[in-house]
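Enquirer: Its first residue numbered 6, the first sequence is counted upward by one per residue in this note's numbering.
Positions of the beta carbon are idealized from the N, C-alpha and C atoms, including for glycine.
First the structure, then my questions, so here it is.
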Amino acid sequence: MSTAYQPETVEVAAQELWRDSKSFEVGEDTDKEKFYCLTMFPYPSGKLHMGHVRVLTISDTIARFQRMQGKHVMQPMGWDAFGMPAENAAIKNNVPPAQWTYANIKEMRAQMDRLGYAYDWSREIATCDPKYYRWEQWLFTKMFEKGLVYRKNSIVNWDPVDQTVLANEQVIDGRGWRSDALVERREIPQWFMKITAYADELLEELERMPGWPDSVKTMQTNWIGRSEGVELTFDVVGEDEPLTVFTTRPDTLFGVTYMAVAAEHPLAEKAAATNPEIAAFIEECRKTDAAEATLETMEKKGMALGISVVHPLTGEEVPLWVANFVLMSYGTGAVMAVPGHDERDWEFAKKHGLPIKQVIAPEDGSEIDIDAAVYIDKGLTVNSGDYNGLSYQDAFNAIADWFEDNDRGRRTINYRLRDWGVSRQRYWGAPIPIIYCDDCDAVPVPEQDLPVVLPEDVQFTGHGSPLKDMPEFVNVKCPQCGKDARRETDTFDTFVESSWYFARYACPDSSEAMLDERAAYWLPVDQYTGGVEHAILHLLYSRFFQRVMRDEGLTEVTEPFTNLLTQGMVLKDGAKMSKNKGNVVDPQELIAKYGADTVRLFMMFAAPPEQALEWSDDGVQGSFRFLKRFWNAVDEHVDAGPVAALDPAALDAGQKDLRRKTHQSIAKIGDDIGRRYTFNTAVAASMELVNAVTRFGDQSDAGRAVVQEALEAVTLMLSPMVPHICHALWARLGHETALIDERWPAIDESALEADLIEIVVQVNGKLRGRVSVAAGADNDTVAAQALEDPNVQRFVEGKEVRKTIVVPGRLVNIVV
RNA sequence: GCCGGGGUGGCGGAACUGGUAGACGCGCCGGAUUCAAAAUCCGGUUUCCGAAAGGAAGUGAGGGUUCGAUUCCCUCCUCCGGCACCA
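See the structure below:
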C-alpha cells in the first residue's frame, strides 16, 4: 500500500519508540568498547538557533554512527546555565534569573527532543544547580590549600556613571553600553587560578594529541606563548630598586636607546606624583577599556618620565619613558627598547626622535641602513663593545652569562599565558566560597558548610550585585576564629562551570564526591564537538581543570578530549548568527514545515562541518525533496511485491554495476562519516546511490534483489543523520526489529571489482581523450592504447614523444 | 596590532596523498503531466569561439617549483573567528 511521506507522523512514532524503550540511557558495560560523545553544552537562551542545530546534529550523527559500529555510546546533554543574559532578562522583564533560566531549559529541551537527538537525559546537568556547583566550590578550596589560587589586584572595565564593572562585551567603542560613558580601567582585588603552573605541561602534551586539529593546537601553543629569554636588571638613577625587564633578544642589548614602562608601573606613578603632565598622561592611558585588541590597535603614545636608567654594560644613561603599549600584565611591565631591531620600538623612536642604533648586521655581510628600515632578523653583533662578531646564540649566551655571573639577571622562561582571573562582580554565578575576617584574612568555606548556595529569590535592580544588599548572605562568622566576618559576594567566571562538566556527566548524581568510579569508565571524552570560537579559552581551561582534578586524585586521565571537532559558525549576512545581532533564523519554523529530518539533513549537507556555513533559505527545500524521492523509491520497490534472495554469482552487467555502486557507497560513506567527518559528501554519495536505484528500472528477480540490497544499505547509512525516516523505511523494507539496534552494512569486496576502467589521456598535461582498459593491464599496454586514441593522435602526430607518464588506474600523460 | 582559518560556476559546495576542475544539491532555461496551479518527472546549464566535432580561457591577485598545481613555496588583497569579563 503506497503512502506519502509525512514527516511529523514518522518522527513522533520513532521518538516514542526510543523514549519508551529507553534506547539512549546507558550504564557502564565493560564488555563493550565505550564511546563518550559530547557536544559543548549550550547556554539556555530560550530557543535553539541554527548554530545549536548544526553542532547537535553533527554530534548526534557521530554518536549514532559509532553505535552502529558496535560501541557502547553515551551522549549526555546539559546546560551552561549561569551568565549575563539571565541578569539582563531579569532587569528587562523583572523575572528572577533562576526562574527565567529554568523556563528556558524546559523549552530548549523540548526542541531538542523534537529534533530526535539521542541523549541520555538521565544524566542532565544544569550548572546553576547547587548540587553541581558545590563541587567546584569544593575544588576551589582544595586549590586554595595547595596555593593554586591567590588574590591580587587586577584591571577591570569601570563604568563611572553606572558605578559598575563591565564585561568587554558591554563596552561599545570605549563606552558603557547603557550609560554611554567613557569606560575607564580600574584595579580591584580578584581571585586567580594558577594555570601558569601547568603551562609547560599544557604545551608539551599538545604534541601528543593526534585527535585535535592542527589549527587549534597551534592557537593554543601561541596563546601559551612560551619564550626563552633573560631577565635583566637596570639601575635607575636616584632609586634603590633596579628596573627589571624580560627580553628574548639579549644579543641586541647594546642597541638599547631608551626604556619604557606601563602606565600602571610604580615608577610611572612615582613620576606622576611630582609632574602633572605625566599624571595627566597616565590618566589618559586609563581611559580605555581593558581589551587587548583595543590596546594593541590604538595609537602608540608615550612620554619621557625625566628618569634615567643606566645601561648595565656601557654605563651610559638612557631615558625612561611611560608608554601605552607596554602591558602591565605581560612580563614585568617594563621593556628595554631596541629601535634598530624591533619594529614597534623603531616606529616609536622615529615618532619621538629617539636615537636608533645598529647592533646586528646581516650574516651575509650585506649593508643595511638602520635609519631607513628596521632589521629584525637574527645576525651578527656589531657596535657591541666586547661582544662584536657573535652569532645570535653566542651573543645570547655570552650576555646571559655576564648577567648571571654578576648577579644582575638570570635566564628565564616567560609565558604569554596569564593566570586565570575567576572573580566576577555579578550575581548570577556560583558564589566564590571565601569568607573575609579582619584577623584571619581570606578563609575558605569549610567542606561541611558547602555548598554556598546562591539565594535565588532576589530583588534584581541591575545596580551591582544584589548579594551585597543581603545581610543574611554577607554576614557570617569566621570559620577559623568565630568572629564576625563577611562573605565574598563575587561569583565565579562561568568558564569555571564549563571546565569540568564533561567529567560530571559520568556521575551526575554523585553526592559524596565530585567524581566517582564511573568517571574512570567514561573518561576521557572520545569525541568532543563544538564551535571553533572556543578553540582557546574553554578548551584550555578544561585541560587545566582536568589536571587539577587528576592531581587531586579524582581521575587518572590527563587530557579530557581525545578527538576534537571544531565546527564553523552558522553565518547570516556574513556575520555570526547570534541573538545580539538579531540575525537569527528560527529552526522551529522549518521543523514545522518540513520536519526534523529535513532540517538535520540540510545542516549536514550544506557545508563541511569545520567551515563556516553561510545560511540561505534556498536549499532546505532540496533536502526535503530528496527525502520524498527516497521515500517514494522505497515505496515503489516494496509495492512491487516480495523480493527474492540475492545471488551475487548470477547477475548481469547492469545488475553488477548497481551492486558495485552500492558497495562503493558503503565504503565511501563509512569513511566520510567515520574518518573524515565530511558529512556533506556522505549525503551526496547517498543521493547518488538513490539516483542510481531510481534510474535502474530492472524488474527481474535478480534486479529487484540488487535494489533491495541498495535501499537497505542507504537506509542504514542515512540513519545517523536522518534517523526518523530511516526508522520508518527500515520497517517498510520488511524488517521486524527496530533500525536503532542495527549495525553498519558490511562491504562485499568481490562486488567492488570491475573488468574495465577508464583512463584519462593527456598530451603535455592537457586532457585529449579517454580510453577504456582492462583492469589489470600493465603500464606499457595502457600507454600504447592511449596513443591510439584518434584525438590524442591529432596532437602527437609528427612530433617526437619525449616522455610518457603512466599513473596506474588514473591517467597517461604524453609529453611531446 | 597579534594568532588561527577561508576565498573554486548565478548560489552552497566536490576534487581525500601533486594526476579528468565543477560530484551532489540549489537556482535558472526548455520539455512532459495538468482545465489551471502546486507537486512530480525528463533534458540542459563555468565562460568565450563553433551547427557540431572540437578548441581556448578558467579555482581572490601576481610570481615560482613540476610532465602535470584548486592542492606545494614566496609576495600581496580580502572575508570570517579569537584576543583573556559574551557564551
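Ordered along the chain, which non-local residues of its own chain (more than five positions away) have a Cβ less than 8 Å from that of V241?
Expert: Taking the first sequence and counting its residues from 1, one reaches residue 241 at position 236. Once the five neighbours on either side are set aside, the close Cβ partners of V241 are P247, L248, L272, I312, S313, V314, V315 and L325.
Enquirer: Spatial neighbours of T253 within its chain, please: C-beta separation below 6 Å, excluding the five flanking residues on both sides.
Expert: Translated into the one-based positions of the first sequence, residue 253 becomes position 248. Excluding residues within five positions, the ones whose Cβ falls inside 6 Å are S232 and G234.
Enquirer: Could you have a look at C290 and say whether DSSP puts it in helix, strand or coil?
Expert: Reading the first sequence from its first residue, position 285 is the one you call residue 290. Three-state result, C290: helix.
Enquirer: Report the residue from E564, Y203 and L385 whose alpha carbon sits nearest the alpha carbon of E368.
Expert: Counting from one through the first sequence, the residue named residue 368 turns up at place 363. Closest by alpha carbon: L385.
Enquirer: Measuring straight from C-alpha to C-alpha, what distance separates K306 and A91?
Expert: Reading the first sequence from its first residue, position 301 is the one you call residue 306. Reading the first sequence from its first residue, position 86 is the one you call residue 91. Roughly 40 Å separates the two Cα atoms.
Enquirer: Comparing C-alpha positions only, which one of A780, K771, L455 and R737 sits nearest to A759?
Expert: Within the first sequence, the letter at position 754 stands for residue 759. Selected option, being the one with the closest Cα: A780.
Enquirer: Beta strand (DSSP E) containing K157: first to last residue?
Expert: What you label residue 157 is simply residue 152 of the first sequence in a count that begins at 1. Start and end: V154 to D164.
Enquirer: Can you find the residues in the same chain that come closer than 6 Å, C-beta to C-beta, to I674, ignoring five residues on each side of it along the sequence?
Expert: Locating residue 674 in the first sequence gives position 669, counting from the first residue. Same-chain partners within the cutoff: A687, A690 and M722.
Enquirer: Since H729 and D602 should fall inside the 8 Å C-beta cutoff, what is the C-beta to C-beta distance between them, to a whole number of angstroms?
Expert: In the first sequence, counting from the first residue as 1, residue 729 sits at position 724. In the first sequence, counting from the first residue as 1, residue 602 sits at position 597. Yes, H729 and D602 are in contact; Cβ-Cβ is about 5 Å, under 8 Å.
Enquirer: Could you name the residues of the same chain whose beta carbon sits closer than 7 Å to that of T683, not counting the 5 residues immediately before and after it, in chain order?
Expert: What you label residue 683 is simply residue 678 of the first sequence in a count that begins at 1. If we look at T683 and ignore the five residues flanking it on each side, its Cβ neighbours are P613 and D677.
Enquirer: Can you list, in chain order, the residues of its chain with a C-beta nearer than 7 Å to that of R773? Leave out the 5 residues immediately preceding and following it.
Expert: Within the first sequence, the letter at position 768 stands for residue 773. For R773, where only same-chain residues beyond five positions count, the Cβ hits under 7 Å are V766, Q767, N796, V797 and F800.
Enquirer: Do E493 and G438 have their beta-carbon atoms positioned less than 9 Å apart in this structure?
Expert: By 1-based counting over the first sequence, the position of residue 438 is 433. By 1-based counting over the first sequence, the position of residue 493 is 488. The displayed chain sequence assigns Pro, not Gly, to residue 438. For the 9 Å CB-CB criterion, P438 and E493 form a contact.
Enquirer: Work out the CA separation of A86 and V463 for me, nearest whole Å.
Expert: Along the first sequence, read from residue 1 onward, the residue named residue 463 stands at position 458. Along the first sequence, read from residue 1 onward, the residue named residue 86 stands at position 81. Spanning the two alpha carbons is a distance of roughly 17 Å.
Enquirer: Using 9 Å as the threshold, is the C-beta distance between K52 and E129 below it?
Expert: Locating residue 52 in the first sequence gives position 47, where the first residue counts as 1. Locating residue 129 in the first sequence gives position 124, where the first residue counts as 1. Result no, Cβ atoms of K52 and E129 do not sit closer than 9 Å.
Enquirer: Using three-state DSSP, classify R700 as helix, strand or coil.
Expert: Taking the first sequence and counting its residues from 1, one reaches residue 700 at position 695. R700: helix per DSSP, three-state reduction.
Enquirer: Could you tell me whether the Cβ atoms of V387 and V323 are closer together than 9 Å?
Expert: In the first sequence, residue 387 corresponds to position 382, counting from 1. In the first sequence, residue 323 corresponds to position 318, counting from 1. Against a cut-off of 9 Å, the Cβ pair of V323 and V387 comes out as no contact.
Enquirer: Closer than 6 Å by C-beta to V170: which residues in its own chain qualify, once you throw out the five before and the five after it? Chain order, please.
Expert: Position 165 of the first sequence, counted from the first residue, corresponds to residue 170. Answer for V170: V161 and Q430, listed in chain order.
Enquirer: Can the beta-carbon of T132 be found closer than 9 Å to that of T496?
Expert: One-based indexing of the first sequence puts residue 132 at position 127. One-based indexing of the first sequence puts residue 496 at position 491. No, these two residues do not count as a Cβ contact at 9 Å.
Enquirer: Please classify N109: is it buried, with 16 or more other beta-carbons within 10 angstroms of its beta-carbon, or exposed?
Expert: Within the first sequence, residue 109 is the residue found at index 104, counting from 1. Its Cβ being crowded by 16 or more others within 10 Å, N109 is buried.
Enquirer: Check whether the segment 284–303 touches the segment 391–398, taking contact to mean three or more Cβ pairs, one atom from each stretch, closer than 8 Å.
Expert: no
Enquirer: Roughly how many angstroms lie between the CA atoms of L144 and A309, to the nearest whole one?
Expert: As a first step, residue 144 must be located in the first sequence, where it is residue number 139. As a first step, residue 309 must be located in the first sequence, where it is residue number 304. Straight-line measurement puts the Cα of A309 at about 47 Å from the Cα of L144.
Enquirer: So, for S428: in the same chain, excluding its five sequence neighbours on each side, which residues have a beta-carbon less than 7 Å away from its beta-carbon?
Expert: For the purposes of this step, residue 428 is identified with residue 423 of the first sequence, where counting begins at 1. Around S428: Q195, W196, I437 and D495.
Enquirer: Keeping to the same chain, check which residues put their C-beta closer than 7 Å to that of G770; ignore five residues upstream and five downstream.
Expert: On the first sequence, position 765 is the one that residue 770 refers to. Excluding sequence neighbours, G770 sits near N818.
Enquirer: Looking only at C-alpha atoms, which of M55, E30, I96 and A718 sits nearest to I590?
Expert: As a working mapping, residue 590 is identified with position 585 in the first sequence. The sequence given here has Val at residue 590, not Ile. Looking at the Cα atoms, M55 is the closest of the given residues.
Enquirer: For L187, write down the residues that DSSP places opposite it in a beta bridge.
Expert: The residue given as residue 187 occupies position 182 in the first sequence. R180.
Enquirer: Could you give the DSSP three-state label for M341: helix, strand or coil?
Expert: For this step, residue 341 is matched to residue 336 along the first sequence. Three-state result, M341: strand.
Enquirer: Using the Cβ count rule (16 or more neighbours within 10 Å means buried), how would you classify D164?
Expert: What you label residue 164 is simply residue 159 of the first sequence in a count that begins at 1. Per the 10 Å Cβ criterion, buried.
Enquirer: Assign P81 to one of three DSSP states: helix, strand, or coil.
Expert: In the first sequence, counting from the first residue as 1, residue 81 sits at position 76. Of the three classes helix, strand and coil, the one that applies to P81 here is coil, per DSSP.
Enquirer: Tell me whether Q532 sits in a helix, a strand or coil according to DSSP, three-state version.
Expert: Sequence index remark: in the first sequence, residue 532 carries index 527 (1-based). Reduced to three states, the DSSP call for Q532 is strand.
Enquirer: With DSSP run on the structure shown, which of helix, strand or coil describes V817?
Expert: Position 812 of the first sequence holds residue 817. V817: strand per DSSP, three-state reduction.
Enquirer: Measure the alpha-carbon distance for I764 versus R815 and round it to whole angstroms.
Expert: If you number the first sequence from 1, residue 764 lands on position 759. If you number the first sequence from 1, residue 815 lands on position 810. Approximately 5 Å, taken between the alpha carbons.
Enquirer: Give a yes or no on whether the C-beta atoms belonging to F239 and P317 are separated by under 9 Å.
Expert: Along the first sequence, one-based indexing puts residue 239 at 234. Along the first sequence, one-based indexing puts residue 317 at 312. Judged by their CB atoms, F239 and P317 are nearer to each other than the 9 Å cut-off.
Enquirer: What number of angstroms, rounded off, separates the C-alpha of S724 from the C-alpha of G152?
Expert: As a first step, residue 724 must be located in the first sequence, where it is residue number 719. As a first step, residue 152 must be located in the first sequence, where it is residue number 147. Each residue's Cα considered, the two are about 51 Å apart.
Enquirer: Under DSSP, the alpha helix (DSSP H) around W140 begins and ends at which residues?
Expert: Reading the first sequence from its first residue, position 135 is the one you call residue 140. Unbroken alpha helix (DSSP H) run through W140: P135 to E150.
Enquirer: Is DSSP giving K275 helix, strand or coil here?
Expert: Residue numbering aside, residue 275 sits at position 270 when the first sequence is read from its first letter. In this structure, K275 counts as helix in the three-state DSSP scheme.
Enquirer: Roughly how many angstroms lie between the CA atoms of L632 and E747, to the nearest whole one?
Expert: Your numbering for residue 632 matches position 627 in the first sequence. Your numbering for residue 747 matches position 742 in the first sequence. L632 and E747: Cα-Cα distance of roughly 21 Å.
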